[in-house]
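Accompanying notes for the structure given below.
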């Protein structure tokens with residue numbers, strides 16, 4: 001339900017506050033179905049899940065024979081990352097109600113969030129057959145068709161969405177991400193060139209075209225596309241920021257600095273832009289100004305990795321190694337910490353005598369992570385670079401053999417590192433264990449390093465342990 005079709009922003013806010021007042025008073029009264037749907041959508045958009053839960057349950061009580069509030073419950077659960085509960089609720093809805101376009105749309109979103117993206121497209125096609133004039137369905141279907149490289153059909157559906165819903169323009173960046181993830185840069189240029197011809201007043205399409213030109217290193221064209229986006233909305237701070245990025249890539253640091261500063265004029269909380277200013281000063285050898293900007297970026301967001309790395313690099317280059325090491329320890333003490341930082345600082349610790357410091361940072365990082373599995377995979381790939389790192393990786397990974405969260409993948413990781421340093425017997429034992437408990441992940445194991453697939457012993461074990 002689109003905001004401009006029914007209510008303006010002030011009226012929506014009034015509706016939400018009216019419901020919250022009712023909930024706070026412990027009362028229960030009638031709300032029109034459409035109004036209650038708007039209230040729930042708005043509360044979810046605000047990530048106000050406490051009131052959203054009350055609104056959803058109120059809707060289910062008022063309209064028990066309508067599936068829409070059950071579907072909104074699924075949407076809320078997905079946004080809360082309660083994927084298991086969302087799946088069970090979808091199953092119940094499918095059993096109790098006739099499937100609707102909204103149901104298929106939410107089920108497609110559920111599959112995307114639960115790692116089964118391949119199942120989303122058939123569901124979106126079902127939704128489209130039931131509601132071919134729904135802009136959101138057309139837009140999501142277009143995105144899935146981009147993934148399938150069916151660009152002609154994708155253009156058709158995305159164009160329909162842009163024509164019929166002005167808010168789709170704000171979501172065009174999500175289509176850009178699909179092209180970027182798949183590294184289909186040339187195709188992105190052609191795709192968004194066509195959209196900007198068809199929709200010359202679409203800020204989102206011009207912005208996406210700027211990204212596509214940047215990926216293909218057509219820097220002048222990228223700047224023109226971003227400037228066109230700015231001409232449509234002078235408050236588009238991200239367009240200024242991206243122009244700054246383009247000039248930085250071109251090594252035109254004074255101009256890059258100008259656009260990063262303009263970004264900060266529009267949004268003084270943009271820590272990426274503040275770090276970008278620091279990068280420009282660093283590139284121009286103005287280290288004191290660079291350090292000041294990096295520290296300001298960290299005040300805005302303590303986990304700004306670019307700023308952290310900028311400070312470390314300057315301290316190292318100016319002969320302040322001890323100060324750099326103290327700063328690294330301080331950075332790793334901040335929680336929550338991104339494991340990206342560990343991989344960025346690891347090159348500073350590749351000297352033999354500093355391996356112990358790398359281990360210390362590893363422990364500080366993993367303690368703060370919820371997803372240990374992905375971290376350990378990336379760490380293993382990093383360690384495959386040379387024998388010394390492989391040995392260190394083995395030593396660290398073995399400490400987590402009893403960790404139930406990663407026992408299903410850890411034998412694969414240890415097997416890979418042992419194979420790479422020639423410990424064939426030990427590697428075989430780990431690989432046998434891995435194949436017995438989690439055969440499906442053997443493809444992940446082979447992806448850790450190109451040489452693993454070439455080993456005859458590995459091929460034989462994978463064939464031998466194939467489940468009958």
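Residue numbers (our numbering): 1 to 468.
C-beta atoms are modelled at their ideal positions from N, C-alpha and C, and glycine is treated no differently.
Since we're looking at a predicted model, the values are computed, not measured.
Residue i vs residue j beta-carbon contact at 7 Å
i	j	result
residue 89	residue 107	no
residue 83	residue 69	no
residue 449	residue 384	yes
residue 39	residue 56	no
residue 373	residue 406	yes
residue 376	residue 413	yes
residue 124	residue 113	no
residue 131	residue 145	no
residue 260	residue 277	yes
residue 202	residue 233	no
residue 316	residue 307	no
residue 80	residue 109	no
residue 135	residue 181	no
residue 41	residue 71	no
residue 215	residue 177	no
residue 143	residue 189	no
residue 219	residue 250	yes
Separation of residue j from residue i, as counted between CA atoms
i	j	result
residue 119	residue 226	35 Å
residue 271	residue 210	22 Å
residue 343	residue 381	11 Å
residue 187	residue 193	10 Å
residue 269	residue 295	13 Å
residue 464	residue 431	12 Å
residue 387	residue 329	26 Å
residue 392	residue 441	23 Å
residue 424	residue 356	26 Å
residue 514	residue 312	Outside the displayed span of the chain (1 to 468) sits residue 514, for which this structure offers no information.
residue 111	residue 321	48 Å
residue 266	residue 66	45 Å
residue 241	residue 358	34 Å
residue 213	residue 309	28 Å
residue 149	residue 200	24 Å
residue 444	residue 453	11 Å
residue 21	residue 43	14 Å
residue 172	residue 446	36 Å
residue 437	residue 408	7 Å
residue 458	residue 426	13 Å
residue 462	residue 95	41 Å
residue 293	residue 257	12 Å
residue 466	residue 439	7 Å
residue 404	residue 421	27 Å
residue 23	residue 62	15 Å
residue 319	residue 289	18 Å
residue 483	residue 35	Missing from the structure shown is residue 483; the chain here goes from 1 to 468 and no further.
Helix, strand or coil at residue i according to DSSP, with G and I counted as helix
i	result
residue 194	helix
residue 25	coil
residue 175	helix
residue 421	coil
residue 236	coil
residue 231	helix
residue 276	helix
residue 334	coil
residue 409	coil
residue 465	coil
residue 188	helix
residue 380	helix
residue 241	helix
residue 75	helix
residue 309	helix
residue 281	helix
residue 129	helix
residue 116	coil
residue 393	helix
residue 456	helix
residue 438	coil
residue 164	helix
residue 430	helix
The ligand SAH heavy atom lying under 6 Å from the CB of residue i
i	result
residue 40	The ligand SAH is not part of the structure shown, which contains no ligands of any sort.
Chain D within 7 Å of residue i, Cβ atoms only
i	result
residue 158	Absent from the structure: chain D. Only one protein chain is present.
Cβ distance (whole Å) where residue i is taken to contact residue j below 8 Å
i	j	result
residue 400	residue 389	Wrong, their Cβ atoms sit about 17 Å apart, outside the cutoff.
residue 97	residue 151	No, residue 97 and residue 151 are not in contact; Cβ-Cβ is about 35 Å, not under 8 Å.
residue 327	residue 279	Not really, about 17 Å apart at Cβ, beyond 8 Å.
residue 246	residue 223	6 Å
residue 127	residue 105	5 Å
residue 314	residue 282	7 Å
residue 304	residue 333	No, residue 304 and residue 333 are not in contact; Cβ-Cβ is about 15 Å, not under 8 Å.
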